[in-house]
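First the structure, in the form of structure tokens, and then the observations on it.
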Amino acid sequence: MAKSSKPSDKKSASKKKSTSKKKSTPKQLSVAAIGTGNIFKAVHVKPLNENPDVKLVALCDIEESKAKALGKEYGIDKTCKNYKDILKIKSVDAVDICTPNKFHSEIAIAALEAGKHVMCEKPDAVSPKEAQRMADAAKASGKTLMVMRNNRMRPDSQFLKKYIAAGNMGDIYAGRVGWIRRRGIPGKGGWFTTKELSGGGPLIDLGVHMIDLAIWLMGNPRPVAVSGSTYCKFANSDVAGDSAHSQFGRAQADGTFDVEDLAMGFVRFDNGASLQIEFSWASNIEQEKNFVELRGEKSGACLDSSQPLKLFTEIEGMLCDILPQVPTNVWATHGLYLNHWVDVLMGRDKPMFVPQDGVHMIQILGAIYESAKTGKEVQL
Ligand SMILES: NC(=O)c1ccc[n+]([C@@H]2O[C@H](COP(=O)([O-])OP(=O)(O)OC[C@H]3O[C@@H](n4cnc5c(N)ncnc54)[C@H](O)[C@@H]3O)[C@@H](O)[C@H]2O)c1
Numbered sequence: 000m001a002k003s004s005k006p007s008d009k010k011s012a013s014k015k016k017s018t019s020k021k022k023s024t025p026k027q028l029s030v031a032a033i034g035t036g037n038i039f040k041a042v043h044v045k046p047l048n049e050n051p052d053v054k055l056v057a058l059c060d061i062e063e064s065k066a067k068a069l070g071k072e073y074g075i076d077k078t079c080k081n082y083k084d085i086l087k088i089k090s091v092d093a094v095d096i097c098t099p100n101k102f103h104s105e106i107a108i109a110a111l112e113a114g115k116h117v118m119c120e121k122p123d124a125v126s127p128k129e130a131q132r133m134a135d136a137a138k139a140s141g142k143t144l145m146v147m148r149n150n151r152m153r154p155d156s157q158f159l160k161k162y163i164a165a166g167n168m169g170d171i172y173a174g175r176v177g178w179i180r181r182r183g184i185p186g187k188g189g190w191f192t193t194k195e196l197s198g199g200g201p202l203i204d205l206g207v208h209m210i211d212l213a214i215w216l217m218g219n220p221r222p223v224a225v226s227g228s229t230y231c232k233f234a235n236s237d238v239a240g241d242s243a244h245s246q247f248g249r250a251q252a253d254g255t256f257d258v259e260d261l262a263m264g265f266v267r268f269d270n271g272a273s274l275q276i277e278f279s280w281a282s283n284i285e286q287e288k289n290f291v292e293l294r295g296e297k298s299g300a301c302l303d304s305s306q307p308l309k310l311f312t313e314i315e316g317m318l319c320d321i322l323p324q325v326p327t328n329v330w331a332t333h334g335l336y337l338n339h340w341v342d343v344l345m346g347r348d349k350p351m352f353v354p355q356d357g358v359h360m361i362q363i364l365g366a367i368y369e370s371a372k373t374g375k376e377v378q379l
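Printed below as a string of structure tokens:
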């Protein structure tokens, strides 16, 4: 099971290195960024720059002008356009990868092989094989590989995780997750909608966030069977607002749109639990929302972007809804996760994400795409 494999994975990787790791923990980490587009600018650069344990030493972007502009703003002189030049810098301890999806695994594996720790934006990789290669490279190198799972840092997610760990929900046997947009295609025609570069549509873009959150809250059961359907109905739509509710991506008028815009699916886990999923960039629904709904023997929980966290239970023979008063600042979560990564690298914390989490995640996504093609359930 994923849960039991985590500590031992980490132990065996860290056991071999325990003495040298202690000796080599630097006073301050030299970190370089690869891919300095929207997400790096919006929510990575500031927290890294403000973390006293980090020195941002180099920025890389194939459009080097972007790295240069950001370097000027943050006083970082070293910029380049080929990530291999970053990996040659001996003093760089760790890299933060924020490129389009296709390049995540190639760059992460090369960085691990060059002896660098890695933070990589989601999705981990565009195929299960690549995700496994990343996990293998992390194990072989003894370096830390973490992939962005910022939703785990939301105050409501953190509270719910503790509530569940204290046994308040009992066995969690079923769930529903989704991120459904009415109109929110990121950069129609750009890399997000081009399968070769993105690996898929809303399933790989938004699915990683919410499926991961559900599985993490459920205690990391191992996925064993998956079925799904995908649809592409908005590729040729020319409604002006197709991308209105996406903050990301650069639209390209004559670009490609060969990914799904809606994915539905069903995942079974080794402990008998199941998860229903739905993700859309565009679909004819009332309004956008993302949600994780969990059903436990003792109580249920609903994390829903359109309302505060709700817990459903029975007290003294009476049905009760509990409304925890947790703050809802979602966007600072990337910074919190990056700070956690830094704490892990400084030897102060254990990683809340291990590469096996990513392997399971990308296996699920890959299996939904396969099932959508074949019309059959896929055994993992
Ligand atoms: N966690 C989140 O909430 C979240 C939100 C948005 C995007 N993302 C992820 O972040 C990643 C980047 O998305 P974005 O919206 O910033 O895209 P973007 O297109 O704005 O930025 C990507 C940058 O990478 C550069 N680049 C492309 N190939 C490169 C290469 N081989 N080497 C170096 N640089 C390269 C591009 O020039 C661009 O500046 C994606 O994987 C996306 O899924 C995560």
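In terms of numbering that gives the first Met the number 0, the sequence shown opens at residue 0 and continues consecutively. A virtual CB, placed ideally from N, CA and C, is assigned to each residue, including glycine.
- Secondary structure at Lys372: helix, using DSSP grouped into helix, strand and coil.
- Looking at the backbone, the Cα of Lys128 and that of Gln362 are separated by about 9 Å.
- Short of 6 Å from the beta carbon of Ala137, and not among the five residues preceding or following it, lie these beta carbons of its own chain, in chain order: Leu111, Leu144, Pro354.
- In this structure, ligand 1 has a non-hydrogen atom nearer than 7 Å to the beta-carbon of Phe39.
- With respect to the 8 Å criterion, Leu205 and Asn100 are not classified as neighbours on the basis of their beta carbons.
- For Met118, the shortest C-beta to heavy atom distance toward ligand 1 is 7 Å or greater.
- The closest CA to that of Thr255, considering only Trp190, Lys115, Leu58, is found on Trp190.
- Leu86 sits away from Thr35, with the two beta carbons spaced by 8 Å or more.
- The nearest non-hydrogen atom of ligand 1 is less than 7 Å from the C-beta of His333.
- Between ligand 1 and the CB of Cys79, the shortest heavy atom gap is not smaller than 7 Å.
- If you check the CB distance, Asp269 and Lys232 do not come in under 8 Å.
- Taking C-beta separations shorter than 7 Å and ignoring five residues to either side along the sequence, the partners of Asn167 in its chain run Lys297, Ser298, following chain order.
- Ser140 and Asp241 have their C-alpha atoms spaced approximately 44 Å apart.
- Taken atom to atom, the span from the alpha-carbon of Thr192 to that of Thr78 is near 28 Å.
- When distances are taken from the beta-carbon of Ile33 to the heavy atoms of ligand 1, the shortest one is below 7 Å.
- The Cβ atoms of His43 and Leu344 lie no closer than 8 Å to each other.
- For Asn289, the enclosing beta strand (DSSP E) stretches over residues 288-295.
- Here the stretch 171-190 makes contact with the stretch 212-222; the two share three or more CB pairs at distances below 8 Å.
- Across the structure, Asp253 and Ala224 are spaced so that their CA atoms are roughly 38 Å apart.
- Relative to the non-hydrogen atoms of ligand 1, the Cβ of Asn149 comes within a distance shorter than 7 Å of at least one.
- A residue is called buried when at least 16 other Cβ atoms come within 10 angstroms of its Cβ; Tyr162 meets this threshold and is buried.
- The three-state secondary structure of Trp178, taken from DSSP, is strand.
- In the same chain as Ala124, and ignoring 5 residues on each side of it, the C-beta atoms closer than 7 Å to its own belong to His103, Ser104, Ala130, Met133, Ile361, in chain order.
- Within the stretch 185-216, the alpha helix (DSSP H) runs of at least 4 residues that lie entirely inside it are, in chain order, 194-197, 201-204, 206-216.
- The beta carbon of Thr229 is closer than 6 Å to those of Glu259, Ala262, Ala371 in its chain, skipping five residues each way along the sequence.
- Distance from the CA of Ile171 to the CA of Ala272, rounded to the nearest whole angstrom, comes to 7 Å.
- It is roughly 49 Å from the alpha-carbon of Val56 to the alpha-carbon of Gly374.
- Secondary structure of Arg148 (DSSP, three-state): coil.
- Excluding its 5 nearest sequence neighbours in each direction, Ala113 has C-beta neighbours in its own chain below 6 Å: Leu86, listed in chain order.
- Here Ser279 is buried. Its C-beta has 16 or more other C-beta atoms within 10 Å.
- As far as DSSP is concerned, Ser242 takes part in no beta bridge.
- Between the alpha carbons of Leu28 and Trp340 lies a distance of about 11 Å.
- Taking Asp320 as reference, the option from Ala331, Ala300, Leu335 with the minimal CA-CA separation is Ala300.
- For the pair Met317 and Ser156, the Cα-to-Cα distance works out to about 26 Å.
- Close CB contacts of Asp237 within its chain, under the 7 Å cut and outside five residues either way in sequence, are absent.
- In the three-state DSSP reduction, Leu47 falls in the helix class (H, G or I).
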